[in-house]
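Encoded as structure tokens, the structure appears first; notes follow it.
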Amino acid sequence: MPLVGFCLACCRCCGHCGGHMYQEQTKAVHCHRRGLYWATLLTTLVILAGNICMFFSNQLLKVSVKDSSVELSNTLDNLQTYLTAVPQQIDSVLMESNKTVDEVTRNLNDMGPLLGREIQRRLEGPLNPALKSVRDMAKVMNRTSVLLVGLNSTLTQLQSDVTVVQANVTSVRDRINSTLRNPDCAGCSAYQSELQKLTFDTTIT
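Note that the UniProt record's numbering numbers the sequence shown so that position 141 is 141, with each residue one more than the last.
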């Protein structure tokens, strides 16, 4: 808006803008003045509305960008917490399963003197397979927990090794590219496009 005002001031100083002398004030002159007034007012309102929308949009964009960094940080923290809590939950389930199996076994052993050997023998038939299944499941879960911890360590080491390999491959490719660009290398330019197509996938899933 200040720029428009400056342009109008310069135009008026040059004698191209502003009022003109009229010998007689006719109705057409008044209509022309009112038209200019309303056109100026409408233009000013449109510019003002545009400025207001611009300021509101800028404020909303600022808030969105600020909140997005916080949300991203929270998401990463939640993911890290989840990955840390999974082995702990598995260990907790294993401990509770072992306690339950030990308690049931101890109760079965104590039932002999209390209720008699006959009752114990009859109960051992249907319960022993179930207890064996629970023990086997606990062993499998324990092995799974150990394998998950080992897999996490292996992935970390593998990612470090892949980074080193990628750097070495990039260095070798740059050297080959430099050799192909050497003017003394006859017919090497045809292989530069093939060299650019070579990629090294370092994605680990």
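Cβ atoms here follow ideal geometry from the backbone N, Cα and C, with glycine treated the same way.
Classify residue 185 as helix, strand or coil using the three-state DSSP reduction.
-> Taking the sequence shown and counting its residues from 1, the one referred to as residue 185 is at position 185. Looking at residue 185 - three-state DSSP - the assignment turns out to be coil, as it is neither helix nor strand.
Cβ of residue 94 less than 8 Å from any chain D Cβ?
-> Absence of chain D from the displayed structure is noted, only one protein chain being present.
Output the distance between the C-alpha atoms of residue 149 and residue 160, rounded to the nearest integer angstrom.
-> Residue numbering aside, residue 149 sits at position 149 when the sequence shown is read from its first letter. Residue numbering aside, residue 160 sits at position 160 when the sequence shown is read from its first letter. Approximately 17 Å between the Cα atoms of the pair.
When the Cα atoms are used, what is the spatial distance from residue 145 to residue 165?
-> Translated into the one-based positions of the sequence shown, residue 145 becomes position 145. Translated into the one-based positions of the sequence shown, residue 165 becomes position 165. For residue 145 and residue 165, the distance between alpha carbons rounds to 30 Å.
Would you report the Cα separation of residue 48 and residue 39, rounded to the nearest angstrom?
-> Locating residue 48 in the sequence shown gives position 48, where the first residue counts as 1. Locating residue 39 in the sequence shown gives position 39, where the first residue counts as 1. The straight-line gap from Cα to Cα measures roughly 14 Å.
Can you give the Cα-Cα distance for residue 41 and residue 34, rounded to whole angstroms?
-> Start at 1 with the first residue of the sequence shown, and residue 41 comes out as number 41. Start at 1 with the first residue of the sequence shown, and residue 34 comes out as number 34. Taking the straight line from one Cα to the other gives about 10 Å.
Backbone secondary structure at residue 209 - three-state DSSP | No information on residue 209 is available, as it lies outside the stretch 1 to 205 that the chain covers here.
Residue 72 versus residue 78 - alpha carbon distance = Your numbering for residue 72 matches position 72 in the sequence shown. Your numbering for residue 78 matches position 78 in the sequence shown. Their Cα atoms are separated by approximately 10 Å.
Distance between residue 88 and residue 182 (C-alpha atoms, nearest Å) | In the sequence shown, residue 182 corresponds to position 182, counting from 1. In the sequence shown, residue 88 corresponds to position 88, counting from 1. Taking C-alpha positions only, residue 182 is separated from residue 88 by approximately 59 Å.
Sub-8 Å separation of residue 101 and residue 131 beta-carbons = Here residue 101 is taken as the residue at index 101 of the sequence shown, counted from 1. Here residue 131 is taken as the residue at index 131 of the sequence shown, counted from 1. Contact: yes.
Using the C-alpha atoms, what's the distance from residue 54 back to residue 36?
-> Residue numbering aside, residue 36 sits at position 36 when the sequence shown is read from its first letter. Residue numbering aside, residue 54 sits at position 54 when the sequence shown is read from its first letter. Taking the straight line from one Cα to the other gives about 27 Å.
Given residue 138, which residues of its chain have a CB within under 8 Å of its CB, disregarding the five upstream and five downstream residues?
-> Within the sequence shown, residue 138 is the residue found at index 138, counting from 1. Within its own chain, the residues whose Cβ lies closer than 8 Å to the Cβ of residue 138, once the five positions on either side in sequence are excluded, are 94, 97, 98, 101, listed in chain order.
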